[in-house]
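Heads up, the thing below is written out as structure tokens.
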Amino acid sequence: MNNKLGKILLALALGVFVLSAWQIQAGDGKAQGQKHPELDYSISCTECHEEVTPEIVAEWKSSKHGMMNFGCYMCHGDGQVEFKAKPDTEGCLSCHTGSPVDASKGGNLQCFTCHQGHTLKFHQ
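Going by UniProt numbering, the sequence shown opens with residue 1, and the numbers climb by one from there.
Dropping the structure here:
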């Protein structure tokens, strides 16, 4: 009888563990798919993001795009039609066609394969 109770408790504990792991994984998926909060067009992206993600704003400000004052919307979209948290190569190629390594010529080469996100420096 005691052995049977032990097996039942073990099965219940295992079930709780599996459900918890599944719920955590499902939660991660939802977090990745979250939309950007509604935008306040009376302020710039950096006004909010200097508080929320200051390291990213600092990287961008020191990059060529930041120094040339290319706005966040150039890569991330304007938020009205589409917002891309992680821009893709297609967006880069709207300005950078004919670059020394043209990712549009095939393979799985993407801009961020070689370049870091906001600094656009090469990975070390």
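C-beta atoms are modelled at their ideal positions from N, C-alpha and C, and glycine is treated no differently. Owing to the predicted nature of the structure, the values given are computational and were not obtained by experimental measurement.
Count Cβ pairs between the segment 44-54 and the segment 88-99 that sit closer than 8 Å; are there 3 or more? no
Just to confirm my understanding: we take residue 13, look at its own chain, exclude 5 residues before and 5 after, and list those with CB closer than 8 Å. What are they? Position 13 of the sequence shown, counted from the first residue, corresponds to residue 13. Closer than 8 Å at Cβ, skipping near neighbours: no residue.
At the level of alpha carbons, what is the spacing between residue 111 and residue 42? The count along the sequence shown starts at 1 and reaches residue 111 at position 111. The count along the sequence shown starts at 1 and reaches residue 42 at position 42. So the two alpha carbons sit approximately 32 Å from each other.
Compute the distance between the beta-carbons of residue 68 and residue 61, then report whether it is under 9 Å. On the sequence shown, residue 68 is found 68 positions in, with the first residue counted as 1. On the sequence shown, residue 61 is found 61 positions in, with the first residue counted as 1. Not closer than 9 Å, so no.
Note down, in chain order, each residue of its chain lying with its Cβ closer than 7 Å to the Cβ of residue 50, except the 5 sequence neighbours on either side. Within the sequence shown, the letter at position 50 stands for residue 50. If we look at residue 50 and ignore the five residues flanking it on each side, its Cβ neighbours are 57.
Going straight from the alpha carbon of residue 45 to that of residue 108, what length do you get? Stepping through the sequence shown from its first residue, residue 45 is reached at position 45. Stepping through the sequence shown from its first residue, residue 108 is reached at position 108. Taking the straight line from one Cα to the other gives about 31 Å.
N-terminal and C-terminal residue of the alpha helix (DSSP H) that residue 72 is part of: If you number the sequence shown from 1, residue 72 lands on position 72. Counting along the chain, residue 72 falls outside any alpha helix (DSSP H), and DSSP gives it neither H nor E.
Can you tell me where the alpha helix (DSSP H) holding residue 93 begins and where it ends? One-based indexing of the sequence shown puts residue 93 at position 93. Taken as a continuous stretch (DSSP letters only), the alpha helix (DSSP H) holding residue 93 covers 89-93.
Identified DSSP bridge partners for residue 122: Residue numbering aside, residue 122 sits at position 122 when the sequence shown is read from its first letter. BP columns for residue 122 point to 115.
Between the Cα of residue 40 and the Cα atoms of 114, 3, 70, 80, which residue gives the shortest distance? Within the sequence shown, residue 40 is the residue found at index 40, counting from 1. Looking at the Cα atoms, 80 is the closest of the given residues.
The alpha helix (DSSP H) enclosing residue 142, as first and last residue numbers: With the chain covering 1 to 124 only, the question about residue 142 has no answer from this structure.
C-beta contact flag for residue 85 and residue 118 at 9 Å: Start at 1 with the first residue of the sequence shown, and residue 85 comes out as number 85. Start at 1 with the first residue of the sequence shown, and residue 118 comes out as number 118. It is not a contact, given that the beta carbons lie outside the stated cut-off.
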